[in-house]
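To convert, note that position 78 of the sequence shown is 90 in this note's numbering; the numbers rise steadily by one, no gaps.
No residue lacks a Cβ here, since even glycine has one placed at the ideal position from N, Cα and C.
None of these values were measured; they are calculated from a predicted model.
Before any comments, here is the structure.
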Amino acid sequence: GVGVPAVHVAKMLGAKVIAATRSASKVTFLKEIGADDVLVIAGGKRFREEVKTLTAGRGVQLVYDGVGGDEITVESMRCCAFGARLLIMGWAATPNVAEGAGKRG
């Protein structure tokens, strides 16, 4: 997907990268490609508190969301600092789009 190049670009620009994955088996890989921290968010787990802890309560300046969907996007917005940017690159987590029914969110 686009997540790997997103990590690479963010690191080249000097960002601290907090990656999120649904699979614990991807943690090592994400750290190897440059993620500073990796959160496993399987099963609808809330991650905003972990992000707030990792950022000393400030939240993040940019969220890249390659999955989208109601739950992930709302939780991602709650991780943002004031004035942050939320970049949504996909909406695969919404059943109607993922099934190709031609409907949007």
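Segment limits, beta strand (DSSP E) that includes residue i
i: T33; result: 30–33
For residue i, the residue or residues it bridges with in DSSP
i: C92; result: V72
i: V52; result: T33
i: L98; result: V75
CB contact flag (residue i, residue j, <7 Å)
i: G80; j: I100; result: yes
i: R90; j: R70; result: no
i: G56; j: E83; result: yes
i: V29; j: A22; result: yes
i: I45; j: V19; result: yes
i: L74; j: R58; result: no
i: G78; j: G102; result: yes
Residue i: first and last residue of the uninterrupted alpha helix (DSSP H) it sits in
i: K23; result: 15–24
i: F41; result: 39–44
i: K57; result: Run containing K57: none; DSSP gives neither H nor E here.
Integer-rounded CB distance, given that residue j should sit under 8 Å from residue i
i: V50; j: A27; result: Not quite, the Cβ-Cβ distance comes to about 15 Å (not below 8 Å), so this is no contact.
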